[in-house]
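Numbering (my numbering), first residue to last: 127 to 306.
We treat Cβ as the ideally placed atom computed from N, Cα and C, and that holds for glycine.
The model shown is predicted, which means the values in this text are computed figures rather than measured ones.
Below: the structure, in structure tokens.
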Amino acid sequence: MLDSAALITPRLLLRQWQQSDLEPFAAMNSDADVMRYFPAPWSREQSDAFAQRVMRLIDERGWGFWAVEERASGRFVGFVVLHVPSDQLPFSPFVEVGWRLAKSHWGLGYATEAVQSAIAFGFQQLHLVELVAFTAITNLKSRAVMERLGMRLDSEFDHPQVAVESELRRHVLYRLRSPE
Ligand SMILES: CC(C)(COP(=O)(O)OP(=O)(O)OC[C@H]1O[C@@H](n2cnc3c(N)ncnc32)[C@H](O)[C@@H]1OP(=O)(O)O)[C@@H](O)C(=O)NCCC(=O)NCCS
């Protein structure tokens with residue numbers, strides 16, 4: 127049976143997390159290519175702790191950090207998030223949409239497909255007026271997802287949580303307004 131937080135797309139299921147996701151989730155988070163635009167890959171402990179936190183968030187709110195499953199195989203693909211961050215950024219307050227997929231599932235259109243359903247949920251069910259996404263300026267794959275989603279490049283900013291000397295500090299901000 128589907129949990130109440132689930133969203134379905136032609137090829138994917140966005141759902142609450144399961145214990146069986148923890149292992150492929152940790153494998154994804156330890157992959158240097160997946161984590162190239164983050165400060166460092168995650169240990170198994172960091173990955174499990176993150177999964178436990180996001181499970182609680184979905185339980186409490188019914189939405190948030192969805193685990194993404196490939197419907198045809200039941201395999202864990204990655205995660206998609208609608209998130210109200212506690213961090214202060216130059217354009218706060220905002221609701222962020224984000225994504226991370228295991229490398230074996232890149233190049234299939236899965237990120238765009240999954241995020242489209244999260245965005246529709248944000249606009250139609252939560253009545254959000256705008257969503258933002260941001261990433262390191264050099265993360266071209268992620269920027270391509272933003273552009274495929276119809277998001278508009280707004281500006282650049284230095285991410286205050288990224289070290290001043292890091293080449294990942296300069297970020298791009300994209301915005302998407304609700305069609306309504
Ligand atoms: C960002 C990320 C999700 C992008 O993955 P991706 O596979 O390039 O993006 P999509 O899932 O939207 O797939 C698009 C690609 O699938 C191809 N594709 C193949 N079949 C397709 C189909 N049926 N429908 C749509 N696209 C399809 C597209 O042509 C495109 O390929 P291209 O990049 O060669 O043009 C992935 O690189 C990732 O997880 N990176 C690490 C985490 C990260 O950086 N997250 C963002 C932080 S803000």
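query	result
With DSSP as the reference, label I184 as helix, strand or coil.	helix
The beta strand (DSSP E) with R162 in it runs from where to where?	Unbroken run through R162: none, as it is neither H nor E.
Could you tell me if Q145 is buried or exposed, where buried requires 16 or more neighbouring beta carbons within 10 angstroms of its beta carbon?	exposed
According to the Cβ coordinates, are A132 and L138 closer than 8 Å?	no
Looking only at its chain, what residues have a beta carbon closer than 6 Å to the beta carbon of S304, apart from the 5 residues adjacent to it on each side?	F249, V255
Do A228 and V203 have their CB atoms nearer than 8 Å?	yes
Which residues mark the beginning and the end of the beta strand (DSSP E) in which R274 is found?	Looking at the DSSP string, R274 is not in any beta strand (DSSP E); the run it does join, the alpha helix (DSSP H), is 266-274.
If contacts are defined as beta-carbon pairs under 8 Å, then A177 and V206 qualify, I think. What distance do you get, rounded to the angstrom?	At roughly 14 Å, the Cβ-Cβ gap does not stay under 8 Å, so A177 and V206 are not in contact.
Which same chain residues end up closer than 7 Å to L294 when comparing Cβ atoms and leaving out the 5 residues on each side of it in sequence?	Y163, A262, V288
Suppose only complete runs of 3+ residues qualify. What are the beta strand (DSSP E) ranges in the stretch 208-236, listed by chain order?	222-227
I'd like to know if the stretch 206-225 and the stretch 146-166 are in contact, where contact means that at least 3 CB-CB pairs between them fall below 8 Å.	no
Within 10 angstroms of its Cβ, does R269 collect 16 or more other Cβ (buried), or is it exposed?	buried
To the nearest angstrom, how far is the alpha carbon of Q142 from that of R179?	12 Å
Determine which residues share a DSSP beta bridge with R197 and list them.	DSSP lists no partner for R197.
Output the boundary residues of the alpha helix (DSSP H) element that contains E149.	148-155
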